[in-house]
Amino acid sequence: MQARSMATWDSMLPGPANRSNGGAADCSPAGLLAYGAGSSVVVVDPRSMQLVSVLPMPSPSPQSSASITTLTSALALAPFVTSVRWSPQPISRELSALDDPSNSHLRLAAGDRQGRIAIWDFRSRSIALWLEFDHSSHGDRPKLGIQDLCWVRSDSWLLAAIHGPSLLVLWSPATGRCLWKYDTAPEYLGCIRRDPFDWRHFCALGLCGFLLSAIALGEDSADVSLHEHHLPGVWDSVELPKNERHSTSGSTAPALAVFPQFYARLSFSPRWRHIVMVIFPKELIVFDLQYGTSLSSASLPRGCSKFMDLLPDPDIDLLYCIHIDGRLSIWKRKELVWLVNFISFLLL
């Protein structure tokens, strides 16, 4: 497949993001916003509201050894971008500085429904590396689409990814190798996040209250410390019908494809070590990873639509939650006890 010219990419206008993109978006340390729109990654400058670049994900290349069934399935599934994550390396925000070769380390990881992860060199608008499983090792099994991505730091930067419904993988962007993988089946994993106090530490959250805490201790593929938690009471409160659980038990699609209206998200507290905030469609939980216990929980207030995502304030003890109807709720902490008080604002 012949790569598109730089002039063609610079003249592209992005389409809108859609449900198949699963809310894929990330802000770089320099303040550039990247988000998935169809089969492309769109980069904009929120300060000037200018379109910076459009990075289209190439269509999958057929493998000569692949079966007809696998090829037909792959071609029928468009490479929708489902997760984007900027490299944590800080650089200057001035776009003119991108011509400096010293900024060639600016990287953007983008995962798609085909199970591929592209490491984009934003400076050259080219893909520096593909991270994907060897097709020959998977046979006719459908590809495991990407649910979420997260950069973690061990001896070097690694990329953690959720493939399909339950497979957690650590990739080395330096070598392109899969260093470690762990299957949490039958759990459906919803998201993965890095600890701001320890960049080796990351957590993956399941749709039914499963919480996996992992620490990458070194480059060795087996050198990962794991600890499993189960958030109390979540299984009975989540709205995953039993018939859907059974009917999708053999699915290889990620959670965003199987349950597009179900959101399970977590965020580490930027102020309190070992504390994570977790949302499910109708519940908010504050959980202590060190003691493995829930500090506080609150049900969705009457008349409010389901939770969709959350973001803690880095300076004060406030938690901002987005709801599926576009509203914003603010939850606050009082003294040293986590209290969740609901204040509703219309998202402008």
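Position 320 of the sequence shown, counting from 1, maps to 320 under full-length UniProt numbering, and the rest follow consecutively.
Think of the CB as a built atom: it goes at the ideal place given N, C-alpha and C, for glycine as much as any other residue.
Note down the Cα distance separating M49 from T293, rounded to an integer number of angstroms.
43 Å
Cβ pair L211, Y188 closer than 8 Å:
no
Pick out the complete alpha helix (DSSP H) segments inside the region 240 to 324, 4 residues or longer, and give them in chain order.
242 to 247, 255 to 258
Taking S299 as the reference, which of V286, S156, P314 has the closest Cα?
V286
If you draw a straight line from the C-alpha of A30 to the C-alpha of I146, how long is it?
25 Å
Starting from the C-beta of H229, find all residues in its chain whose C-beta is less than 6 Å away, skip the five residues before and the five after it, and write them out in chain order.
L211, G292
L179 versus A214: straight-line alpha-carbon distance, rounded:
14 Å
Helix, strand or coil: which one does DSSP assign to W199?
coil
Considering A34, what are the terminal residues of the beta strand (DSSP E) in which it resides?
33 to 37
Member of P312, L144, E283 whose CA lies at the smallest distance from the CA of R302
E283
Under 7 Å Cβ to Cβ from G218, same chain only, skipping five residues before and after it: list those, please.
S154, D155
Identify, in the order they occur along the chain, each residue of the same chain with its Cβ nearer than 7 Å to the Cβ of H163, setting aside the five sequence neighbours on each side.
G115, L144, I146, V169
Apart from the five residues on each side of it in sequence, which residues of its chain come closer than 6 Å, Cβ to Cβ, to L205?
G190, C191, L211, A264, L266
With 16 other Cβ atoms within 10 Å as the buried cut-off, status of C27:
exposed
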